[in-house]
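To get the numbering used here, take the position in the sequence shown, counting from 1, and add 35. All C-beta atoms, glycine included, are put in the ideal place defined by N, C-alpha and C.
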Amino acid sequence: MPKQVEVRITDSHMMPEEFQKKPIWRRILANLQKNLLLTLTVLGVVLGSVCGGLLRYASPIHPDVVMLISFPGDILMRMLKMLILPLIISSLITGLAGLDAKSSGRLGTRAMVYYMATTVIAAVLGVILVLSIHPGNPNLRKELGEGHKNKEVSSLDAFLDLIRNLFPENLVQACFQQIQTVTKKILVPTKQDVANVTDTILEAINGTFEDPNEPTVMIKKGLEFKDGMNVLGLIGFFIAFGVTMGRMGDQAKLMVDFFNILNEIVMKLVLLIMWYSPLGIGSLICGKIVAIEDLEVVARQLGMYMVTVVTGLIIHGGIFLPLIYFGITRKNPFSFLGGIFQAWITALGTAS
């Protein structure tokens, strides 16, 4: 008769190692190590705020010292701006080159319609919230008054400038300049008509004489280039470039590989800058807090501004976007939002 061996397996042996119960502090430490970049960023914000608040109690700080405190943050902003153009070029071209021409056309049309619709909704919502909450300094309106309408700038000029910037005449110039309609006042001297000599004499007798040589003001419109990257024109060109390259198939394989490698290089550079960002963010916050003259007033104004922005983001992302999703798909939008919750929180936190 064979021997029977009794084997007892406890629950701890059946559970994988990662599911075994660990002390709370170890689980917290593991999560912090897993999200090390986020942890360092939050730590940079906290340290920057604390150091800035402590430095305000010191004697008046020299502007050069404030500049040195903010210097790492200035370097961070410069590095981020440096990568805007390579990131736009590489991501657009690699994304569109890998799509089918027909599907990319349909996708682009739908994306443009969705983008325009959500932009209009967000703009209207923002205006309503600003008029309702009134963030900022309410005393500025009393000091500056209602202001006056600039009749020299028209909506037609702004719309035409938008179309002109969509088709830049020079791509290199579009990297640092964009075109804009400007109005200039030109003084035009008036010539006295000989036939009006009698009227001039009568005006002189009646005391209503006007100087015939007084120049008149004529408003003339023109086009000028102003500083600032023409992002719209660059995006339009590289969208067309990527779609055309995707239609060429194997003929453009070398270019597709080149831009794929360029995209990988740019993303690695972005990751390196993100690891530097905790120091830069802490430096920026510390420098701004030290440079503020009246911290209480600014904190109150920023508090109302944050309330306005967060309220708008919650309404837009929690009400309007789910309504659009439900109107198009007739499905439960909140189950869909549950799947993209992390991306939605990221967009909420970055206001993008």
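1. Could you check where the alpha helix (DSSP H) with Phe33 kicks off and where it finishes?
2. Just to confirm, is the Cβ distance from Leu160 to Gly277 under 7 Å?
3. Tell me the DSSP secondary structure of Glu259 in three-state form.
4. Closest by CA to Met114, which one among Tyr360, Met309, Tyr340, Pro357?
5. Take Ala146 and list the residues in its own chain whose beta-carbon comes closer than 6 Å to its own, dropping the five residues that flank it on each side.
6. Can you have a look at Gly79 and say buried or exposed, based on whether 16 or more other CB atoms are within 10 angstroms of its CB?
7. CB-CB under 7 Å to Leu372, same chain, minus the five flanking residues each way: which ones, in chain order?
8. Can you give, in chain order, each stretch of the alpha helix (DSSP H) that sits fully within the segment 94-133 and has at least 4 residues?
9. What did DSSP end up calling Lys220 once you bin it into helix, strand or coil?
10. Let's test the definition: count the other Cβ atoms within 10 Å of the Cβ of Pro203 and tell me whether it reaches 16, buried, or not, exposed.
11. List the whole-angstrom C-beta distance separating Pro170 from Met339, where the pair is believed to meet the contact cut-off of C-beta under 8 Å.
12. So which of Asp196, Leu191, Lys255 has the shortest CA-CA distance to Ile221?
13. Using CA atoms only, rank isn't needed, just tell me which of Met112, Phe272, Ile375, Ala132 is closest to Leu289.
14. Helix, strand or coil: how does DSSP classify Met50 here?
According to the structure shown:
1. In the structure displayed, the chain extends from 36 to 387; residue 33 sits before or after that span and is not available.
2. For the purposes of this step, residue 160 is identified with residue 125 of the sequence shown, where counting begins at 1. For the purposes of this step, residue 277 is identified with residue 242 of the sequence shown, where counting begins at 1. No; because the gap between Cβ atoms is not below 7 Å, this pair is not in contact.
3. One-based indexing of the sequence shown puts residue 259 at position 224. Of the three classes helix, strand and coil, the one that applies to Glu259 here is strand, per DSSP.
4. Working through the sequence shown from its first residue, we reach residue 114 at position 79. When each option's Cα is compared against that of Met114, the closest is Met309.
5. Translated into positions along the sequence shown, residue 146 becomes position 111. For Ala146, where only same-chain residues beyond five positions count, there are no Cβ hits under 6 Å.
6. Working through the sequence shown from its first residue, we reach residue 79 at position 44. Buried, because 16 or more other Cβ atoms sit within 10 Å of the Cβ of Gly79.
7. The count along the sequence shown starts at 1 and reaches residue 372 at position 337. Contacts found: Pro357, Trp379.
8. 98-117, 119-132
9. Walking along the sequence shown from the start, residue 220 turns up at place 185. Lys220: strand per DSSP, three-state reduction.
10. By one-based count along the sequence shown, residue 203 stands at place 168. With 16 or more other Cβ atoms within 10 Å, it is buried.
11. The sequence position of residue 170 within the sequence shown is 135, counting from 1. The sequence position of residue 339 within the sequence shown is 304, counting from 1. Yes, Pro170 and Met339 are in contact; Cβ-Cβ is about 4 Å, under 8 Å.
12. Position 186 of the sequence shown, counted from the first residue, corresponds to residue 221. Ranking the options by Cα distance to Ile221, first place goes to Lys255.
13. Within the sequence shown, the letter at position 254 stands for residue 289. Selected option, being the one with the closest Cα: Ala132.
14. Locating residue 50 in the sequence shown gives position 15, where the first residue counts as 1. In this predicted model, Met50 has a pLDDT of only 48, less than 50, meaning its place in the structure is not dependable; the value taken from the coordinates is given anyway. DSSP places Met50 in coil when its eight states are reduced to three.
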